[in-house]
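Residue 15 is where the sequence shown starts when you use our numbering, and the numbers rise one by one after that.
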Amino acid sequence: MREYNDLVKLAERAAVRAADYLRTAVRPAVHTWTEKSQHDFVTEIDRAAEAMIAEVILRDAPESVIVGEELSPQRVAQGELVWIVDPLDGTTNFLHGYPQYAVSIGCVADGKLVAGVVHDVCRKRTYKATRGGGAFEEDTRLSVSAVTDSRRALIGTGFPFKALKLLHVYLAQFAAVTGAASGIRRAGAAALDLVDVAAGRLDGFWELQLAPWDVAAASPATPRCISGSSI
């Protein structure tokens with residue numbers, strides 16, 4: 015089995031390769047957007063970035079299974095070494111030129127999430143974490159917030175735009191959190207929101223019906239959900 019640090023370095027190389035491409039890519043015209051579902055778009059840029067990630071990973075770890083939102087969303091993750099990839103978390107932000115999107119790569123070894131990398135494309139910052147090894151921005155160790163009083167907490171969220179049938183549930187949650195916390199922020203890229211939790215910039219985060227590729231990379235850095243169970 016490969017060392018966790020080797021896995022995170024490989025993920026970092028793949029993420030940086032995709033991010034370099036995204037920074038040079040020209041945002042496509044509106045008529046070229048493909049609608050995966052209501053309010054959820056994908057472009058050839060997403061697909062090209064994911065192919066680059068797969069190329070880097072498979073070159074160094076050919077035994078890998080790669081599960082990605084664009085390559086194989088329906089594929090069951092099986093194998094000793096599985097990579098869960100979102101080549102462009104925050105596609106809608108990217109399409110509109112809103113500078114909040116990321117490349118997200120998580121690694122599962124023998125059924126356990128062991129390494130993750132989130133690369134903030136616009137700010138050229140790389141965040142990485144390994145199971146039991148802490149989370150880092152480049153070489154600086156991150157620490158979660160010390161806030162314990164909800165009245166002082168700044169909470170991140172994401173709107174359930176893929177599942178509008180849950181909007182009434184979300185609005186009830188939003189009202190409850192609004193009454194309990196000092197503020198709520200919604201920026202549109204869950205991987206970066208979770209990085210902000212790991213770095214202490216947000217005191218918590220919640221969103222409904224996120225997919226594995228939305229959270230896998232950041233989960234080694236923020237490995238507890240609100241119920242206290244492991245992710």
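We put the beta carbon where it would ideally sit given N, CA and C, even for glycine.
Would you mind sorting S157 into buried or exposed? The rule is 16 or more other CB atoms within 10 Å of its CB.
Start at 1 with the first residue of the sequence shown, and residue 157 comes out as number 143. The residue in question, S157, is exposed, as its Cβ has fewer than 16 Cβ neighbours within 10 Å.
Taking the beta carbon of T162 as the centre, do at least 16 other beta carbons fall within 10 Å, making it buried, or is it exposed?
On the sequence shown, residue 162 is found 148 positions in, with the first residue counted as 1. Residue environment for T162: exposed (fewer than 16 other C-beta atoms within 10 angstroms of its C-beta).
Using beta-carbon positions only, say whether G120 and A230 come within less than 7 Å of one another.
Against the sequence shown, residue 120 aligns to sequence position 106. Against the sequence shown, residue 230 aligns to sequence position 216. Taking 7 Å as the Cβ cut-off, G120 and A230 qualify as a contacting pair.
Can you say whether I240 is buried or exposed, counting buried as having 16 or more other CB atoms within 10 angstroms of its CB?
Along the sequence shown, read from residue 1 onward, the residue named residue 240 stands at position 226. Summary for I240: the model assigns pLDDT 42, below 50, so the residue's position carries little reliability; its value from the coordinates is reported in the next sentence. By the neighbour-count rule (16 or more Cβ atoms within 10 Å), I240 is not buried but exposed.
Check the C-beta distance from H133 over to V117 and give it rounded, since I have them as a contact under 8 Å.
On the sequence shown, position 119 is the one that residue 133 refers to. On the sequence shown, position 103 is the one that residue 117 refers to. About 4 Å separates the two Cβ atoms, so the contact holds.
Straight-line Cα distance separating G193 from E151
In the sequence shown, residue 151 corresponds to position 137, counting from 1. In the sequence shown, residue 193 corresponds to position 179, counting from 1. E151 and G193: Cα-Cα distance of roughly 32 Å.
Output yes or no for whether 7 Å exceeds the beta carbon distance between E26 and V131.
Counting from one through the sequence shown, the residue named residue 26 turns up at place 12. Counting from one through the sequence shown, the residue named residue 131 turns up at place 117. Yes; because the gap between Cβ atoms is below 7 Å, this pair is in contact.
Segment limits, beta strand (DSSP E) that includes V79
Here residue 79 refers to the residue found at position 65 of the sequence shown. Segment V79 to G82, the beta strand (DSSP E) holding V79.
Reduced DSSP category for V183 - H, G, I as helix; E, B as strand; rest coil
As a first step, residue 183 must be located in the sequence shown, where it is residue number 169. Residue state, collapsed to three classes: helix.
Cβ of D163 less than 7 Å from any chain B Cβ?
In the structure shown, chain B cannot be found, because there is only a single protein chain.
Does the beta-carbon distance from D217 to S159 come in below 7 Å?
Sequence index remark: in the sequence shown, residue 217 carries index 203 (1-based). Sequence index remark: in the sequence shown, residue 159 carries index 145 (1-based). Yes; because the gap between Cβ atoms is below 7 Å, this pair is in contact.
Contact check, A144 vs V40, beta carbons under 7 Å
The residue given as residue 144 occupies position 130 in the sequence shown. The residue given as residue 40 occupies position 26 in the sequence shown. Correcting the residue identity first, residue 144 is Thr in this sequence and not Ala. No, the pair does not count as a contact, with Cβ atoms beyond the cut-off.
Cβ shell of A203 (< 8 Å), same chain only, five flanking positions each side left out:
The count along the sequence shown starts at 1 and reaches residue 203 at position 189. If we look at A203 and ignore the five residues flanking it on each side, its Cβ neighbours are D103, G104, N107, Q114, Y115 and A116.
If we call anything under 7 Å between Cβ atoms a contact, is A28 one with I59?
Indexing the sequence shown from 1 puts residue 28 at position 14. Indexing the sequence shown from 1 puts residue 59 at position 45. Going by C-beta atoms, A28 is not nearer than 7 Å to I59.
Grab me the residues of R166's own chain with a C-beta within less than 7 Å of its C-beta, minus the 5 sequence neighbours each way, in chain order.
Counting from 1 along the sequence shown, the entry for residue 166 is found at position 152. So the list reads S196, once near-sequence residues are dropped.
Terminal residues of the continuous beta strand (DSSP E) containing A129?
Along the sequence shown, read from residue 1 onward, the residue named residue 129 stands at position 115. Counting along the chain, the beta strand (DSSP E) containing A129 begins and ends at K126 to D134.
Use the C-beta contact count for A33: other C-beta atoms within 10 angstroms, 16 or more gives buried, fewer gives exposed.
Against the sequence shown, residue 33 aligns to sequence position 19. A33 comes out buried.
Verify whether the separation of the beta carbon atoms of G111 and V99 is less than 7 Å.
Within the sequence shown, numbered from 1, the residue matching residue 111 stands at position 97. Within the sequence shown, numbered from 1, the residue matching residue 99 stands at position 85. Taking C-beta atoms as the reference points, G111 and V99 fail to come closer than 7 Å.
Quick check on K179: buried or exposed, where buried means 16 or more other Cβ atoms within 10 Å of its Cβ?
Indexing the sequence shown from 1 puts residue 179 at position 165. Under this definition K179 is an exposed residue.
Where does P101 sit, in a helix, a strand or coil, going by DSSP?
Mapped onto the sequence shown, residue 101 falls at position 87. If DSSP states are grouped into helix, strand and coil, P101 belongs with the strands.
Going by DSSP, which residues form a beta bridge with S118?
By one-based count along the sequence shown, residue 118 stands at place 104. Paired residue(s): D100 and V132.
Please classify L36 as buried or exposed, where buried requires at least 16 neighbouring CB atoms within 10 angstroms.
Taking the first residue of the sequence shown as position 1, residue 36 is located at position 22. Result: buried.
Host beta strand (DSSP E) of K142 (start-end)
In the sequence shown, residue 142 corresponds to position 128, counting from 1. First-last of the beta strand (DSSP E) with K142: R139 to T144.
Could you tell me the distance, in whole angstroms, from the CA atom of V183 to the CA atom of F219?
Reading the sequence shown from its first residue, position 169 is the one you call residue 183. Reading the sequence shown from its first residue, position 205 is the one you call residue 219. Taking the straight line joining both Cα atoms gives about 16 Å.
CB V70 to CB R31, shorter than 7 Å?
For the purposes of this step, residue 70 is identified with residue 56 of the sequence shown, where counting begins at 1. For the purposes of this step, residue 31 is identified with residue 17 of the sequence shown, where counting begins at 1. The criterion of a C-beta distance shorter than 7 Å is satisfied by V70 and R31.
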